[in-house]
Amino acid sequence: MTQALNSSSPARIVTKVRPRGLRPVTIVSLVVMAAISAMSLFVDGYTLSSYRDVLLLALFALSLDIFWGRTGILSFGHATFFGLGAYGMAVTTIRFGIDPAWASLAGLAVGVGGAAVVAAIVGFFILYGGVRGAYFTIVTLALTIIANQIAVGWSEVTGGDSGLIGVPPFAAFGLSFDDPVYGFYLAFGFLAIFLFLSLWILGGRTGLVLAAIRDDEIKARTLGYRTQFILLATFVISAAIAGLAGAVYATGSGFVAPDLIAILLSTEVIVWVAVGGSGTLIGPVIGTIVVWQLQDRISSINYAAWPVAIGLFFILLVLVFPDGLPAYVVRLAQKLRGAMGRQS
Amino acid sequence: MHMALSMLLNSLTLISILLIVSMGLAIIFGLMNIINLAHGEFVTIGAFTLVAVQAHGGSFWLGLVVAPVVGYVFGLVLERLLISRVAKNPLHAILVTWGLSLLIQQVLQLTFGPEPQRVTGPFSGSMSLGDFQYPAYRIFLVAFSFAAFAIVTVALRKSRFGLDLRASIQSAEMSSVMGVDPNRTNARAFALGAALASVAGVLIAPLTAVTAFMGVNYLARSFFVVLVGGAGSIGGVAAGSTIIGGLETVLTYQIPPTVAQASVLAVAIIILRFRPRGILPA
Amino acid sequence: MTLTTLSLVNVSRDFGAFKAVRDVTENFAPGEIATIIGPNGAGKSTLLNMICGTLPLSSGAITFGGKTVSGQSGDKIARLGIARKFQVPSVFGSLTVHENLMVSAVRGDLDVIERTLEIVGLTNDRNVRSADLPHGKKQWLEIGMALSMKPKVLLLDEPTAGLSVEETKATARFLTTLKGQVTVIVIEHDMAFVRDLGARTIVLHHGAVIASGHYADIEENELVRDVYLGRL
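Chains as they are written, first to last, in my numbering: chain A, 53 to 396; chain B, -12 to 269; chain C, 364 to 595.
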């Protein structure tokens, strides 16, 4: 009867799973991105620059979600990759006296490449060794702690505690993005590209395979999947995107410092993803924007208040909203609807 | 010759510190499979207990006695209130304990101020062996740590609690069927881990500046000790401490400390590749 | 579809002093259906685990189409065409029936998936979350997933566990139709099922093959009877 499995017509190879039309998450993404780009018309240059920063941090959150949201393995060290991107860009464009027309692209290559290489090496040893879950998280945590110490300690290259200033604005193919509007659209462009690209790819069979590996890795291997390689590739891609976000971030702000490659940043990005809802891709983007506003406000009141707030947030997050705020809100809404339904 | 001797003693110092810090973590991780990211903060709490004791005129020895009590109580309360709720979910445990560590750091900083605190050790001066001199306090530290390690190991083997603990590490279900109360065992194990880390904090305090953030350094290293050595086994902790502590000390003689630590990380990752459960797992 | 022979030569597995499988030598011809029976602890699942690469051999070799398969990683063996259904139904719980098949089917071929759904009778359940399926349907889904790989060898570990009498008969009927196209090796305890299948039967006891032949002959075999102590 397996001959019945063979058909006479050529096989319809599939990448998409869903029926015709856009998925809700894609629609939400389009609306959100449209709103963001519309907002840019109503604000001044200074605010636009901070929006640019937020969008790059949102890209960073997206990169974590691509890995954590799909494989279920938490990386506590994504700031390492963001920071490597930023420092890679900074060191390349400042210390080597490259022709300004090229410098940003070279910096980008170094930043993204550096992040990808570190992820590939660390990931190879850990993932192929069968390390998953908690152990994986600890190793990435240690990676960030050490990367931070290197950033602080290797001052000849990294500028130590004070970091490096003078990262030139992003410039490529004759265009310079120093104008706040251009800078904003550069960030917006990168975010949009990677958001929709990942929505597309992860919405298809690739996403299913990752979900399968997450459910039961052994079973996935019995189906023939090279699961370690797939996990490694996802990790490296996620790291590369984080590196890209970091590299462009450095060109926007103009300087890098060790707090770009620190545990606190790693935990912040986890918060952004968790608040938005891990696995949804657009959720973390929204989460970053929302939380960052809060972060900004609280930090300006009292510098120490932010770590306390984050600490409390984590504790609350786990005790009250284990699935992320949106899921909690959805459940609340369902309960309300249920209650109202019973009344009528 | 003197170089070798002082390198050996420096290694032993770091190994001893890691031994005490990691022992508690090994139990917590081995038994409850909980990643306690606040473990470094227990060390800090121990150090600050000593600061507080000495600020009120107490001696180092008093601090050494009070700190583990403080640590034990603190650990007990934390376990019952928070940790027990997240024990089933490693991600939640990570987030909660990380949040806790941030809170503890800030509270300590608010209470004691941002300036580094100094404590005085019980011995100043050096011991001499021929014309070789070595700080007496460090020798004390090594001796004390080994003794503490031995005592805790024996206690775990002989005592009722130790038996319950080791049985629960082997199989939580089986031991509960045999009458071991898992909640009590978990709570006491966690508290014991916290107490041990606090003792380590007291021992470390005279060697360094006591700040609210000193724990982070020991967090990464102690996790490596447990991962590389093997979670849930005393032998694993000894093996892990020796490797991590020894390697780091030796390397620091040749290369800058940051590169040394990165190298230890690299070695640990490579070991994990081939021995994902550690060298001497339970 | 070219099929090949699966050969086991002196395959053994020890766990310390305990010999789980001893010197098993068997050849499975392409398209053959074979059942492996034996009391609990006889080593049946261990043997299956070694064929699909989950467990390494202590000694001996397994070849498939002339190529050595023993010692390869599980995913590599799967790619060579050896599919497996586990004893405890394992499907990807968070995915729907259709999505499970999307993952398992060769290149995600939609036609293969549709036909598989028909064969295992899950066409109407395509959008049900597989974790929510009743036990019997999970078994069928798992079998379907294995089939959708278009394997050359299908290893089934107790496929009728938890199934009703009707479902068990249907399974036997279905497996018989695979004869000639897929090499099927089934571990079973349900003797009615084994009888229905009426295939070459290998009897394992304490890790060694004590009898091998057509089921009708095995049923008569004195030694086998003793081993089962009249449980047949």
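We put the CB at the ideal spot given by N, CA and C, even for glycine. Note that the structure is predicted; figures quoted are calculated from it, not measured.
Endpoints, alpha helix (DSSP H) assigned at residue i
{"i": "C/T459", "result": "Taken as a continuous stretch (DSSP letters only), C/T459 belongs to no alpha helix (DSSP H), as it is neither H nor E."}
{"i": "A/L100", "result": "G97 to L116"}
{"i": "A/S330", "result": "Premise fails: A/S330 is in no alpha helix (DSSP H) and is neither H nor E."}
{"i": "B/Q41", "result": "H26 to A42"}
{"i": "A/M91", "result": "P76 to M91"}
{"i": "B/G202", "result": "G202 to G216"}
{"i": "B/A247", "result": "P244 to F261"}
{"i": "A/M141", "result": "H130 to R147"}
{"i": "C/P497", "result": "It is not in any alpha helix (DSSP H) - C/P497 carries neither H nor E in the DSSP assignment."}
{"i": "B/P55", "result": "F47 to L65"}
{"i": "B/S276", "result": "Nothing can be reported for residue 276 of chain B, as the shown portion of chain B is limited to -12 through 269."}
{"i": "C/Q320", "result": "There is simply no residue 320 of chain C to check, as chain C begins at 364 and stops at 595 in what is shown."}
{"i": "B/I231", "result": "I221 to Q241"}
{"i": "A/T274", "result": "E269 to T274"}
{"i": "A/F365", "result": "A357 to L371"}
{"i": "C/D486", "result": "The sequence as given places Thr at residue 486 of chain C; Asp does not occur at that position. Neither: C/T486 is in no alpha helix (DSSP H) and is coded neither H nor E."}
Cβ separation of residue i and residue j, assumed to be a contact under 8 Å, to the nearest whole Å
{"i": "A/G295", "j": "A/V164", "result": "4 Å"}
{"i": "A/A131", "j": "A/T78", "result": "Not a contact, Cβ separation roughly 29 Å."}
{"i": "C/A405", "j": "C/H569", "result": "7 Å"}
{"i": "C/L496", "j": "C/R489", "result": "Contact doesn't hold; Cβ gap of about 11 Å is too wide."}
{"i": "A/K271", "j": "C/S436", "result": "Not confirmed; about 15 Å, so no contact."}
{"i": "A/L254", "j": "A/R122", "result": "6 Å"}
{"i": "C/A446", "j": "C/S433", "result": "With 8 Å as the limit, C/A446 and C/S433 do not qualify as a contact, their Cβ atoms being about 17 Å apart."}
{"i": "A/L247", "j": "A/S81", "result": "6 Å"}
{"i": "B/A54", "j": "B/L37", "result": "6 Å"}
{"i": "B/A184", "j": "B/G33", "result": "6 Å"}
{"i": "A/F119", "j": "A/G298", "result": "Between A/G298 and A/F119 the Cβ distance is about 16 Å, and since that is not below 8 Å, they are no contact."}
{"i": "A/A203", "j": "A/Y139", "result": "7 Å"}
{"i": "A/A167", "j": "A/A291", "result": "5 Å"}
{"i": "B/F16", "j": "B/I22", "result": "7 Å"}
{"i": "A/S101", "j": "A/P232", "result": "5 Å"}
The ligand PLP heavy atom lying under 6 Å from the CB of residue i
{"i": "A/V337", "result": "No copy of the ligand PLP appears in this structure; indeed no ligand is present at all."}
Segment limits, beta strand (DSSP E) that includes residue i
{"i": "C/A446", "result": "I445 to K448"}
{"i": "B/I22", "result": "Where B/I22 is concerned, there is no enclosing beta strand (DSSP E), given that its DSSP letter is neither H nor E."}
{"i": "C/T426", "result": "S422 to F427"}
{"i": "B/P109", "result": "No beta strand (DSSP E) holds B/P109; DSSP gives it neither H nor E."}
{"i": "B/P122", "result": "F119 to P122"}
Paired residues, beta bridge with residue i - DSSP
{"i": "B/Q104", "result": "B/V197"}
{"i": "A/A294", "result": "DSSP lists no partner for A/A294."}
{"i": "B/A142", "result": "Per DSSP, none; premise fails for B/A142."}
{"i": "A/F307", "result": "A/I217"}
{"i": "C/G576", "result": "C/T564"}
{"i": "C/T431", "result": "C/T426"}
{"i": "C/S370", "result": "C/N390 and C/T426"}
{"i": "B/L116", "result": "B/F119"}
{"i": "C/R492", "result": "C/T459"}
Relative to chain C, which residues along the segment 342 to 370 of chain A have a C-beta separation below 7 Å, given in chain order?
none
Report the residues of the segment 322 to 344 of chain A with a CB closer than 8 Å to any CB of chain C, ordered along the chain.
none
May I have a chain-ordered list of the alpha helix (DSSP H) segments no shorter than 4 residues that lie completely inside the segment 373 to 408 of chain C?
none
Length-filtered (3 minimum) beta strand (DSSP E) runs lying within the segment 510 to 570 of chain C
516 to 520, 546 to 550 and 563 to 568
Ordered list of alpha helix (DSSP H) runs contained in the segment 201 to 267 of chain A, each at least 4 residues:
207 to 210, 232 to 254 and 257 to 267
At a Cβ cut of 7 Å, what residues of the segment 454 to 477 of chain C count as close to chain A, listed as they run along the chain?
F455, G456, S457, L458, E462, M465, V466, S467, R470, G471, D472, L473, D474 and V475
Give the residues from the segment 393 to 422 of chain C that approach chain A closer than 8 Å (Cβ to any Cβ), ordered along the chain.
C415 and T417
Which runs of the alpha helix (DSSP H), 4 residues or longer, sit entirely within the segment 73 to 101 of chain B?
77 to 99
Any C-beta of chain A within less than 9 Å: which residues of the segment 195 to 207 of chain B qualify?
V203, N204, L206 and A207
When you check each C-beta in the segment 234 to 266 of chain A against every C-beta of chain B, which residues fall closer than 8 Å?
none
Contacting positions in the segment 273 to 286 of chain A - beta carbon closer than 8 Å to chain C:
R273, T274, L275, G276, Y277, R278 and T279
Could you name each continuous alpha helix (DSSP H) segment of 4 residues or more that falls completely within the segment 150 to 181 of chain A, going from the start of the chain to the end?
152 to 180
The segment 431 to 453 of chain C: positions lying closer than 7 Å to chain A by Cβ
G437, D438, A441, R442, R447 and S453
For the segment 65 to 85 of chain B, which residues have a CB atom closer than 9 Å to at least one CB atom of chain A, in sequence order?
L69, R72, V73, N76, P77, L78, H79, A80, I81, L82, V83, T84 and W85
Taking only beta carbons into account, state which residues of the segment 202 to 219 of chain A come closer than 7 Å to chain B, listed in chain order.
I202, G205 and W206
Which residues, in chain order, does the segment 546 to 562 of chain C contribute to contact with chain A at a C-beta distance below 9 Å?
none
Check each residue of the segment 240 to 251 of chain B: if its Cβ is closer than 9 Å to any Cβ of chain A, include it; give the result in chain order.
P243, P244, T245, V246, Q248, A249 and V251
Could you run through the segment 170 to 189 of chain A and flag, in chain order, every residue whose CB is less than 7 Å away from some CB of chain B?
V174, F177, I178, Y180, G181, G182, V183, G185, A186, Y187 and T189
Runs of alpha helix (DSSP H) lying entirely within the segment -8 to 18 of chain B, each at least 4 residues, in chain order
none
Cβ-based contacts, 8 Å cut-off: residues of the segment 120 to 131 of chain A near chain B
L126 and F128
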